[in-house]
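Take this note's numbering: the last position of the sequence shown gets the number 676, and nothing is skipped along the way.
The structure appears below as structure tokens.
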Amino acid sequence: MPYQAPVDDFRFILEHVIGFSDVAATGRHAEMTPDVTDAILNEAGRMCDEILAPLNRAGDLEPARLENGVVRTSPGYAEGYRAIAEGGWVGMAAGEAYGGMGLPMALVTCVNEMMGGACLALQLNPLMTQAEIEALESHAGPDLQALYLPKLISGEWCGTMNLTEPQAGSDVGALRSKAEPNGDGTYRITGQKIYITWADNDFSDNIVHMVLARLPDAAEGTKGISLFLVPKFLPDADGRPGEANSLRVVSLEHKLGIHGSPTAVMEYDGATGWLVGEAHGGMAAMFTMMNTARLGVGSQAVGVAEAATQAALAYAQERRQGKVGGTGTIIEHADVRAMLARMRAETFAARAITLACAKAIDLGREGDAAAKARAALLTPIAKAFGTETGINVADLGIQVHGGMGFIEETGAAQFLRDARITAIYEGTNGIQAMDLVGRKMMDGGEAAFALIDEVQTGAEAARDTLPDLAEPVWQAAEAMREATERLVGRPPAERFAGAMPYLRGFARLLGAHYHLRAAQAGEGRRRRLASFYVERMLPEQAAHLAALRAGPDCVMALDAEDLVA
Ligand SMILES: Cc1cc2nc3c(=O)[nH]c(=O)nc-3n(C[C@H](O)[C@H](O)[C@H](O)COP(=O)(O)OP(=O)(O)OC[C@H]3O[C@@H](n4cnc5c(N)ncnc54)[C@H](O)[C@@H]3O)c2cc1C
112 MPYQAPVDDF RFILEHVIGF SDVAATGRHA EMTPDVTDAI LNEAGRMCDE
162 ILAPLNRAGD LEPARLENGV VRTSPGYAEG YRAIAEGGWV GMAAGEAYGG
212 MGLPMALVTC VNEMMGGACL ALQLNPLMTQ AEIEALESHA GPDLQALYLP
262 KLISGEWCGT MNLTEPQAGS DVGALRSKAE PNGDGTYRIT GQKIYITWAD
312 NDFSDNIVHM VLARLPDAAE GTKGISLFLV PKFLPDADGR PGEANSLRVV
362 SLEHKLGIHG SPTAVMEYDG ATGWLVGEAH GGMAAMFTMM NTARLGVGSQ
412 AVGVAEAATQ AALAYAQERR QGKVGGTGTI IEHADVRAML ARMRAETFAA
462 RAITLACAKA IDLGREGDAA AKARAALLTP IAKAFGTETG INVADLGIQV
512 HGGMGFIEET GAAQFLRDAR ITAIYEGTNG IQAMDLVGRK MMDGGEAAFA
562 LIDEVQTGAE AARDTLPDLA EPVWQAAEAM REATERLVGR PPAERFAGAM
612 PYLRGFARLL GAHYHLRAAQ AGEGRRRRLA SFYVERMLPE QAAHLAALRA
662 GPDCVMALDA EDLVA
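Structure below.
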């Protein structure tokens with residue numbers, strides 16, 4: 112079944128679950144009336160259904176390839192990219208000064224999810240550019256902004272992020288690429304970067320690489336990293352792509368999934384670059400890109416979960432097997448029904464979490480300190496839980512298909528292969544969880560407790576109308592409060608063994624909270640889904656929190672020899 116953008120679900124969640132009206136009430140987004148948001152969602156949804164989704168399989172079957180040093184993209188990708196750029200979706204979050212739409216992050220997140228659900232490999236391209244635009248808006252000087260932002264926002268030029276080197280993956284501080292001043296305000300960038308997403312293509316006029324490198328006097332570690340803008344073609348006096356810069360794509364990786372997205376080894380050989388932000392302040396600038404990209408990666412994986420759920424549901428309503436009543440198809444089997452319910456309930460929960468994070472970003476930008484703290488807290492949860500949802504739901508989708516799920520022509524396997532990377536790039540999920548229990552708890556748990564309070568207030572308000580749902584949600588919030596109190600009482604290093612269970616426990620609670628809100632506002636279908644979530648999935652939180660309580664000893668006591676069979 113072809114992918115259909117879940118526009119109605121976005122509308123429902125924005126209006127009834129996360130309270131998008133708070134964003135629309137800000138001066139900056141006052142024009143975001145329900146009519147306008149509907150028009151945006153419908154327009155993006157149409158493009159995803161009609162143009163991007165049909166490209167998904169083509170990219171899988173005919174990966175991007177390197178031909179005489181130039182990347183040739185998968186069939187139809189150039190047209191798909193053009194539709195994204197002409198629709199204004201590359202620059203949808205960007206400020207209007209250089210031609211962006213200035214959309215709130217909550218809507219940007221809906222559109223990114225749709226594009227990711229329709230064709231993840233292609234959507235990665237504008238996602239990288241969006242992150243670069245934000246970094247330039249926040250950290251670049253006016254000359255660089257004026258030259259590059261209009262081209263990136265219009266989609267004429269594409270952006271990339273270059274952090275990773277062979278010895279510097281999660282440990283970005285170990286990178287060795289060098290930047291030497293030329294004496295004229297530019298720098299010579301030399302080094303090798305690996306795994307660079309969309310490092311080249313055959314459909315944009317230029318590619319603008321954001322590269323992390325070290326200046327000659329740089330300190331060791333992350334404190335000595337600076338960020339440079341390094342274009343494939345150096346702009347001429349008129350700002351048009353001119354002389355080729357000293358950089359090249361060395362090779363493309365053969366990957367498990369996202370075959371349509373070229374992943375390159377890049378070599379910079381004295382390439383000309385410009386400093387973005389402060390010397391040695393590269394990590395601050397890069398974090399601007401990474402936070403946007405982290406939410407973007409969480410939501411692109413939710414998009415894959417949506418696509419996998421739609422495909423499995425359609426298959427289950429056609430496939431006849433076993434003696435069952437009703438429709439006579441496999442959806443009548445309790446196990447199949449439970450898998451489908453889990454896929455739908457989980458996709459809803461992850462979508463609501465990503466949109467709640469996006470809303471907090473929007474309000475944080477208005478100067479609301481509590482919203483800023485909430486966005487910081489929710490970002491690692493949205494990334495890690497969103498991506499685990501993409502993977503787990505796609506995995507269930509294969510199971511619903513039975514043997515046909517293992518056969519490539521249904522596309523069920525592609526969803527899992529494509530989604531798998533999302534838990535790894537933009538900071539592995541393990542690193543996200545450490546961020547949550549470490550840096551994000553440096554406030555003594557204040558942001559976490561504020562969110563837990565909100566969940567309990569919501570549950571109390573629902574006690575009269577939906578007692579069967581409200582009580583377990585309230586109790587789960589209480590369990591999360593105790594877990595958080597215990598966590599913040601420990602030194603950060605001792606928290607890490609329980610970081611992932613804590614993150615998953617928190618996500619389970621938030622999923623229940625948003626399902627409860629949906630049940631309050633929605634019709635019977637929303638209530639039944641919320642009941643399924645609260646009765647079958649929320650109890651998993653107890654297991655996560657038990658693992659957290661167990662502490663680090665049972666993990667770290669096992670040394671490598673203990674793990675030999
Ligand atoms: C398809 C693809 C596209 C990518 N795109 C880009 C891109 O565009 N730009 C870019 O710069 N990079 C990109 N990457 C790189 C990606 O961000 C890294 O692969 C990722 O950050 C993990 O680094 P690593 O592969 O070196 O794994 P490692 O860092 O070696 O991690 C291996 C394991 O150890 C764990 N680990 C590592 N350090 C710690 C720690 N301190 N505490 C606890 N656990 C730890 C990790 O969680 C993981 O489970 C891409 C990678 C792929 C595969």
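Every residue gets a Cβ at the ideal spot worked out from N, C-alpha and C, and that includes glycine.
Check: residue i C-beta below 7 Å from any heavy atom of ligand 1
| i | result |
| --- | --- |
| S337 | no |
| T144 | no |
| K494 | no |
| I264 | no |
| D311 | no |
| D736 | As displayed, the chain neither begins before 112 nor continues past 676, which places residue 736 out of reach and without an answer. |
| G538 | yes |
| T403 | no |
| T308 | yes |
| L274 | yes |
| I509 | no |
| G556 | no |
| K343 | no |
| K483 | no |
| G199 | no |
| N369 | Asn is not the amino acid found at residue 369; the sequence shown has Ile there. I369 Cβ: within cutoff of ligand 1. |
| G407 | no |
| M545 | yes |
| A271 | According to the sequence as given, residue 271 is Thr; it is not Ala. Within the cutoff, so yes. |
| I532 | yes |
| G541 | yes |
| T374 | yes |
| I300 | no |
| K366 | yes |
Through-space distance from residue j to residue i, alpha-carbon basis
| i | j | result |
| --- | --- | --- |
| L577 | Q631 | 8 Å |
| T308 | Q234 | 11 Å |
| A587 | E571 | 13 Å |
| M553 | F560 | 13 Å |
| M648 | S337 | 44 Å |
| A232 | L640 | 31 Å |
| Q241 | P261 | 12 Å |
| V182 | A412 | 25 Å |
| E153 | V584 | Just to set this straight, residue 153 is Asn in the shown sequence, not Glu. About 34 Å. |
| L255 | N317 | 15 Å |
| E354 | P602 | 53 Å |
| A523 | L424 | 11 Å |
| P174 | M450 | 31 Å |
| A205 | A150 | 19 Å |
| K343 | A194 | 23 Å |
Coil, strand or helix - residue i by DSSP
| i | result |
| --- | --- |
| W385 | strand |
| K289 | strand |
| Y644 | helix |
| K470 | helix |
| V675 | coil |
| Y426 | helix |
| W268 | strand |
| P663 | coil |
| M90 | Lying outside 112 to 676, the shown extent of the chain, residue 90 is not represented and no answer is given. |
| Q567 | helix |
| G353 | strand |
| G156 | helix |
| H250 | helix |
| R325 | strand |
| I701 | Outside the displayed range of the chain (112 to 676) lies residue 701, so it cannot be described from this structure. |
| A618 | helix |
Nearest-angstrom Cβ-Cβ length linking residue i and residue j, presumed shorter than 8 Å
| i | j | result |
| --- | --- | --- |
| Q421 | Q652 | Q421 to Q652, Cβ: 27 Å. No contact. |
| T568 | L406 | Incorrect: roughly 25 Å between the Cβ atoms, too far for contact. |
| H626 | F459 | 7 Å |
| V408 | K494 | 6 Å |
Query raised in the report: Okay, do the region 273-280 and the region 310-327 touch, 3+ Cβ pairs below 8 Å being the bar?
Result: Note that the region 273-280 touches the region 310-327; at least 3 beta-carbon pairs, one per stretch, sit closer than 8 Å.
Query raised in the report: With a cut-off of 8 Å, do at least 3 Cβ pairs link the region 511-519 to the region 476-494?
Result: Proximity of the region 511-519 to the region 476-494 falls short of the contact definition, fewer than three beta-carbon pairs being nearer than 8 Å.
**Report entry** Cβ contact (3+ pairs, closer than 8 Å) linking the region 607-615 and the region 659-668
**Finding:** Taking 8 Å as the limit for Cβ pairs, the verdict is that the region 659-668 does touch the region 607-615.
Query raised in the report: Are at least three pairs of beta-carbons, each pair with one atom in the region 454-469 and one in the region 371-388, less than 8 Å apart?
Result: These segments do not touch.
Query raised in the report: Does the pairing of the region 120-137 with the region 158-172 give three or more beta-carbon distances under 8 Å?
Result: No: the two stretches stay apart, fewer than three of their Cβ pairs being nearer than 8 Å.
Query raised in the report: Touching or not, the region 198-218 and the region 347-367, by the rule of three or more beta carbon pairs under 8 Å?
Result: These segments do not touch.
Query raised in the report: Do the region 519-537 and the region 358-371 touch if we need at least three Cβ pairs shorter than 8 Å?
Result: At 8 Å Cβ cutoff, the stretches touch.
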